[in-house]
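Undergrad: So the number in the working numbering is just where the residue sits in the sequence shown, counting from 1, plus 10.
Just so it is clear, CB atoms sit at the ideal spot from N, CA and C, and this is done for glycine as well.
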Amino acid sequence: MWNFNYLIPSIMIISVFVGYYVSLPRLPVRKNLVFIYVVSLECLVMISDLFSTWADINHQSFPSWALYVLNSSYFIFFLSRAFAFYIFTASVLKIDLFASKIQQFCINLPVDLGIIIVLLAPWTKWFYYIDESGYHSGPLYNLLYPIFAFYLTLSFITLIKQRNRLVRKREKYIILWYNVILTIGLIVRYAFPKYLLMDIFCLMAMIVIYLSFENPDGYLEERTYIFNRAALRDYIIEINGQKPINALIFCVHNYIDSTELYGIQQMNQGVYLIENYLKKEFPDYLIFDYRNARFVMFSKEDVDWHQIYDKIQERFLSPWVSKDTELYLDVGASIVNLSAKALPYEVLLRVFSDGFIQADKTVGNDINIYDDDFAAGILAESGIKRALDKAIENDAVEVFLQPIVDSATGKLAGAEALARIRGNDGKIIPPGLFIPIAEKNGKINQLGKQVFRKCCQFVKSSGFKNTGLTFINVNISPIQFMRLDLYETLTKMIEDANITPDLIHLEITEESMIDELLMEKQIETLTNKGFKFVLDDYGKGYSNMARLHRTPFINIKLDMSIVWDYCNNPDAILPNEVSAFTTTGFTITAEGIEDEDMARKMREIGCTYLQGYYYSRPLPIKEFIEKYSCQ
Ligand code: C2E
Ligand code: MG
Ligand code: MG
Numbered sequence: 011m012w013n014f015n016y017l018i019p020s021i022m023i024i025s026v027f028v029g030y031y032v033s034l035p036r037l038p039v040r041k042n043l044v045f046i047y048v049v050s051l052e053c054l055v056m057i058s059d060l061f062s063t064w065a066d067i068n069h070q071s072f073p074s075w076a077l078y079v080l081n082s083s084y085f086i087f088f089l090s091r092a093f094a095f096y097i098f099t100a101s102v103l104k105i106d107l108f109a110s111k112i113q114q115f116c117i118n119l120p121v122d123l124g125i126i127i128v129l130l131a132p133w134t135k136w137f138y139y140i141d142e143s144g145y146h147s148g149p150l151y152n153l154l155y156p157i158f159a160f161y162l163t164l165s166f167i168t169l170i171k172q173r174n175r176l177v178r179k180r181e182k183y184i185i186l187w188y189n190v191i192l193t194i195g196l197i198v199r200y201a202f203p204k205y206l207l208m209d210i211f212c213l214m215a216m217i218v219i220y221l222s223f224e225n226p227d228g229y230l231e232e233r234t235y236i237f238n239r240a241a242l243r244d245y246i247i248e249i250n251g252q253k254p255i256n257a258l259i260f261c262v263h264n265y266i267d268s269t270e271l272y273g274i275q276q277m278n279q280g281v282y283l284i285e286n287y288l289k290k291e292f293p294d295y296l297i298f299d300y301r302n303a304r305f306v307m308f309s310k311e312d313v314d315w316h317q318i319y320d321k322i323q324e325r326f327l328s329p330w331v332s333k334d335t336e337l338y339l340d341v342g343a344s345i346v347n348l349s350a351k352a353l354p355y356e357v358l359l360r361v362f363s364d365g366f367i368q369a370d371k372t373v374g375n376d377i378n379i380y381d382d383d384f385a386a387g388i389l390a391e392s393g394i395k396r397a398l399d400k401a402i403e404n405d406a407v408e409v410f411l412q413p414i415v416d417s418a419t420g421k422l423a424g425a426e427a428l429a430r431i432r433g434n435d436g437k438i439i440p441p442g443l444f445i446p447i448a449e450k451n452g453k454i455n456q457l458g459k460q461v462f463r464k465c466c467q468f469v470k471s472s473g474f475k476n477t478g479l480t481f482i483n484v485n486i487s488p489i490q491f492m493r494l495d496l497y498e499t500l501t502k503m504i505e506d507a508n509i510t511p512d513l514i515h516l517e518i519t520e521e522s523m524i525d526e527l528l529m530e531k532q533i534e535t536l537t538n539k540g541f542k543f544v545l546d547d548y549g550k551g552y553s554n555m556a557r558l559h560r561t562p563f564i565n566i567k568l569d570m571s572i573v574w575d576y577c578n579n580p581d582a583i584l585p586n587e588v589s590a591f592t593t594t595g596f597t598i599t600a601e602g603i604e605d606e607d608m609a610r611k612m613r614e615i616g617c618t619y620l621q622g623y624y625y626s627r628p629l630p631i632k633e634f635i636e637k638y639s640c641q
């Protein structure tokens, strides 16, 4: 006899979950739709299980067609549920199972076959049959198990193969967890078919899914039930590559300062009032609160965001008032307008975070638009970032050398070391692209160390002596220069290579001199140890001549912009500056020399060294040695 002890409480529990789930707003994402499909099937399986079992027990009171309808419904829902759990796994992993017709056919085949066999039961009696003594399993009844097992196996395989698509690592274990619960349920059902235990295991799996992926509370702001930051993330992941992303971002200006001014409680109340206003005024829009009074709105249709924003701005002209609050707030906005092309998640995130930053600075109707071109720029940047990480990790930052010639003799005097990395295609990525990124994310320290170490190795090698070089210049970024351990780092590398520090000149720019005290300390310690400093890019920005004269540079490099300006339009300023420097004891290098005429002009105004494409472009160390060894 069948035992209902587990089935009836399971039905009661699921009804609580369903009631709670449908009473709260849900994101219109595929995962949620599939979840509704899973839950509906779960309810149908339980109810049909209850009724068919009860009817089978009391079979004398029912016509056989009614027993067939009830039992077949139960088996069809049972088989479809296995399929639905698999579809849910695929939707969490963001896999489009129905991308190809063949794939769709293969995935559907077991469940479709099972359903056909169930539907044929009244005539074939293969799956089950009803006779005067009631319900009986047929010879193909056990097909239930391999079909269910087929979808479970697919879930495990898909999880293993596609696990890297998950943004959060935890999700991997959750998928594994509920599939293991289902597997145990299937085994238990096979062992104890009379106990109607499978449903309780499916319910457990469903609760795991609910708690980890589907709990609406995780996606809603506490008081207004407006969608939160986590919901925004899931939503943009979902629509990425499926539909265009068309959103208005707006935020309250100077949120942190306003919080200090009005107090946290007051500001929270203000945000609550804004959320309520948005909900009421724009009921057809998807609205997200991205914390700290930053909001994102999506529309189902094409919409003129400027118009919407005008309306919002107008509302912000009056204060946000509640019982004990009266806040005067100001807003700024950005618009995100991307086509349906799929973008990596981190690129999307950057688009939105830049949108927020810009919105905070925007005044009036001056709205920044984040379009495909902007995203393409971020995408290229993330490619460079990857190439940079790879080069640093694999010790693959290359050092190119550009000759610096003595202006009087035209002979090679020194060289500047310039860093290069390569993209996936093996092509060189210029420093103008990767140095700013490396400076922003701090990797410049490791990159600089690698370049310096490779320069030390070169100085130690016979190539250095054979080319007749007397020094080599290495660029030190302001970020590196500000590190208090710079002295130890450089000294260690010099000592490891067993060379003297005066052979490697450190090129710094005026940006490194902003913190005067730190600069003086760094230069003093390093100069005492024997290092020599060169001022790079002189004339590129604002120059503090008095300070330059006090700093113990051995050489000043004229930035190519002022060299070119002078060569195109000679005047007295540059020659005077050069002569002021040379009389105080500095040697001068002119950068960006591209032809003989420029070389002559720079020689005439008193430059000691010349550097530029006229002599050579930067070359890989090996080529540099080959080219200059015989000199
Ligand atoms: P920089 O230190 O001023 O280096 C001179 C730049 O001018 C080099 O660009 C060089 O290739 C380029 N150049 C030289 N002669 C000519 C010429 O006649 N015409 C033109 N149009 N350009 C010329 P590069 O190699 O692209 O480097 C750009 C900047 O990247 C460097 O400017 C430097 O600030 C930075 N950089 C390069 N390597 C490193 C490094 O290892 N560490 C740090 N911190 N910065 C580096
Ligand atoms: Mg330089
Ligand atoms: Mg320079």
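Within the segment 234-281, note down every full beta strand (DSSP E) run reaching 3 residues or more, in order along the chain.
TA: Counting whole runs of 3 or more residues, the segment 234-281 contains the beta strand (DSSP E) stretches 255-262.
Undergrad: Just to check, is the beta-carbon of residue 601 closer than 7 Å to a non-hydrogen atom of ligand 3?
TA: In the sequence shown, counting from the first residue as 1, residue 601 sits at position 591. Residue 601: yes, Cβ under 7 Å from ligand 3.
Undergrad: If you drop the 5 nearest sequence neighbours on each side, which residues of the same chain put their C-beta closer than 8 Å to that of residue 146?
TA: Locating residue 146 in the sequence shown gives position 136, where the first residue counts as 1. Taken in chain order, the residues that qualify are 138, 139 and 140.
Undergrad: Under 6 Å Cβ to Cβ from residue 131, same chain only, skipping five residues before and after it: list those, please.
TA: As a first step, residue 131 must be located in the sequence shown, where it is residue number 121. Closer than 6 Å at the Cβ level, and outside the excluded window around residue 131, lie 137 and 138.
Undergrad: May I have all residues whose beta carbon comes closer than 5 Å to any heavy atom of ligand 2, sorted in chain order?
TA: Taking each Cβ in turn, the ones that pass are 485, 517 and 546.
Undergrad: If you measure between the beta carbons of residue 593 and residue 539, is that distance less than 8 Å?
TA: Here residue 593 refers to the residue found at position 583 of the sequence shown. Here residue 539 refers to the residue found at position 529 of the sequence shown. Cβ distance not < 8 Å, so residue 593 and residue 539 don't count as in contact.
Undergrad: Please state whether DSSP places residue 390 in a helix, a strand or coil.
TA: Within the sequence shown, residue 390 is the residue found at index 380, counting from 1. Of the three classes helix, strand and coil, the one that applies to residue 390 here is helix, per DSSP.
Undergrad: So the candidates are 611, 338 and 618; which of them puts its Cα closest to the Cα of residue 597?
TA: Taking the first residue of the sequence shown as 1, we reach residue 597 at position 587. Nearest option by C-alpha distance: 618.
Undergrad: Quick one: what's got a C-beta closer than 8 Å to residue 497's C-beta in the same chain, skipping five residues either side?
TA: Stepping through the sequence shown from its first residue, residue 497 is reached at position 487. 532, 535, 536 and 539, listed in sequence order.
Undergrad: Does DSSP classify residue 585 as helix, strand or coil?
TA: Counting from one through the sequence shown, the residue named residue 585 turns up at place 575. DSSP places residue 585 in helix when its eight states are reduced to three.
Undergrad: In whole angstroms, what separates the C-alpha of residue 204 from that of residue 64?
TA: Numbered from 1 along the sequence shown, position 194 holds the residue referred to as residue 204. Numbered from 1 along the sequence shown, position 54 holds the residue referred to as residue 64. If I take the Cα positions, the gap works out to 13 Å.
Undergrad: Can you confirm whether the segment 175-184 touches the segment 97-110 when touching is taken to mean that 3 or more C-beta pairs between the two stretches lie within less than 8 Å?
TA: They touch, by the three-pair rule.
Undergrad: Within a Cβ cutoff of 8 Å, which residues of the same chain sit near residue 428, ignoring the five residues on either side of it in sequence?
TA: Here residue 428 refers to the residue found at position 418 of the sequence shown. Here the set comprises 409, 410, 411, 412, 441, 485 and 628.
Undergrad: Let me make sure I understand the geometry here. Which of 186, 219, 154 and 240 has the alpha-carbon closest to that of residue 199?
TA: Sequence index remark: in the sequence shown, residue 199 carries index 189 (1-based). Nearest of 186, 219, 154 and 240 to residue 199, Cα basis: 154.
Undergrad: Let me know the secondary structure DSSP gives residue 571 once reduced to three states.
TA: Indexing the sequence shown from 1 puts residue 571 at position 561. Here residue 571 sits in helix by DSSP.
Undergrad: Taking Cβ to Cβ, would you say residue 59 is nearer than 8 Å to residue 17?
TA: Within the sequence shown, the letter at position 49 stands for residue 59. Within the sequence shown, the letter at position 7 stands for residue 17. The answer is yes: Cβ separation under 8 Å.
Undergrad: Going along the chain, which residues of its own chain have a beta-carbon closer than 7 Å to the beta-carbon of residue 283, five neighbours each way excluded?
TA: What you label residue 283 is simply residue 273 of the sequence shown in a count that begins at 1. Closer than 7 Å at Cβ, skipping near neighbours: 330 and 332.
Undergrad: Between the Cα of residue 508 and the Cα atoms of 546, 490 and 463, which residue gives the shortest distance?
TA: Stepping through the sequence shown from its first residue, residue 508 is reached at position 498. Nearest C-alpha to residue 508: 463.
Undergrad: Assign residue 165 to buried or exposed, taking buried as 16 or more other Cβ atoms, counted over all protein chains shown, within 10 Å of its Cβ.
TA: Numbered from 1 along the sequence shown, position 155 holds the residue referred to as residue 165. Buried: at least 16 other Cβ atoms inside 10 Å.
Undergrad: Does residue 315 pass the burial test, meaning 16 or more other C-beta atoms within 10 Å, or should it be called exposed?
TA: As a position in the sequence shown, residue 315 is number 305, starting the count at 1. Buried, since its Cβ has 16 or more Cβ neighbours within 10 Å.
Undergrad: Going by alpha carbons, who is nearest to residue 367 out of 115, 355, 302 and 572?
TA: Counting from one through the sequence shown, the residue named residue 367 turns up at place 357. With distances taken between Cα atoms, residue 367 lies closest to 302.
Undergrad: Residue 239 to residue 215, Cα distance in whole Å?
TA: Taking the sequence shown and counting its residues from 1, one reaches residue 239 at position 229. Taking the sequence shown and counting its residues from 1, one reaches residue 215 at position 205. C-alpha separation (whole angstroms): 26 Å.
Undergrad: Grab the span of the alpha helix (DSSP H) containing residue 317 for me, first residue to last.
TA: Here residue 317 is taken as the residue at index 307 of the sequence shown, counted from 1. Looking at the DSSP string, the run of the alpha helix (DSSP H) that includes residue 317 is 315-327.
Undergrad: For the beta strand (DSSP E) that contains residue 412, what are its first and last residues?
TA: The residue labelled residue 412 in the question sits at position 402 within the sequence shown. Residue 412 -> beta strand (DSSP E) spans 408-416.
Undergrad: For residue 588 and residue 631, I'd like the C-alpha separation in whole angstroms.
TA: Position 578 of the sequence shown, counting from 1, holds the residue named residue 588. Position 621 of the sequence shown, counting from 1, holds the residue named residue 631. Approximately 31 Å between the Cα atoms of the pair.
Undergrad: Below 7 Å, is the gap between the Cβ of residue 428 and the nearest heavy atom of ligand 1?
TA: Position 418 of the sequence shown, counted from the start, is the residue given in the question as residue 428. The answer is yes for residue 428.
Undergrad: Note down, in chain order, each residue of its chain lying with its Cβ closer than 6 Å to the Cβ of residue 608, except the 5 sequence neighbours on either side.
TA: For the purposes of this step, residue 608 is taken as the residue at position 598 of the sequence shown. 577.
Undergrad: Where does residue 335 fall in DSSP's three states?
TA: To locate residue 335, count along the sequence shown from 1; it is residue 325. Three-state result, residue 335: strand.
Undergrad: Where does residue 182 fall in DSSP's three states?
TA: If you number the sequence shown from 1, residue 182 lands on position 172. Residue 182: helix per DSSP, three-state reduction.
Undergrad: Tell me where the beta strand (DSSP E) around residue 380 begins and ends.
TA: Walking along the sequence shown from the start, residue 380 turns up at place 370. Unbroken beta strand (DSSP E) run through residue 380: 378-380.
Undergrad: Which class does residue 597 belong to by DSSP, given the choice of helix, strand or coil?
TA: By one-based count along the sequence shown, residue 597 stands at place 587. Note: residue 597 maps to strand in three-state DSSP.
Undergrad: So, is residue 555 buried or exposed, given that buried needs 16 or more other C-beta atoms within 10 angstroms?
TA: Locating residue 555 in the sequence shown gives position 545, counting from the first residue. By the neighbour-count rule (16 or more Cβ atoms within 10 Å), residue 555 is not buried but exposed.
Undergrad: At a cut-off of 7 Å, is residue 569 close to ligand 3 when judged by its beta-carbon and the heavy atoms of the ligand?
TA: Here the question's residue 569 lines up with position 559 in the sequence shown. Answer for residue 569: yes, Cβ within range of ligand 3.
Undergrad: Tell me the residue span of the beta strand (DSSP E) that contains residue 342.
TA: Against the sequence shown, residue 342 aligns to sequence position 332. Counting along the chain, the beta strand (DSSP E) containing residue 342 begins and ends at 341-348.
Undergrad: Could you check whether the segment 225-234 touches the segment 283-298, counting it as contact only if at least three pairs of C-beta atoms, one from each stretch, sit closer than 8 Å?
TA: Because the criterion of three Cβ pairs below 8 Å is met, the segment 225-234 and the segment 283-298 touch.
Undergrad: Does any C-beta atom of chain C lie closer than 8 Å to the C-beta of residue 345?
TA: In the structure shown, chain C does not exist; there is a single protein chain.
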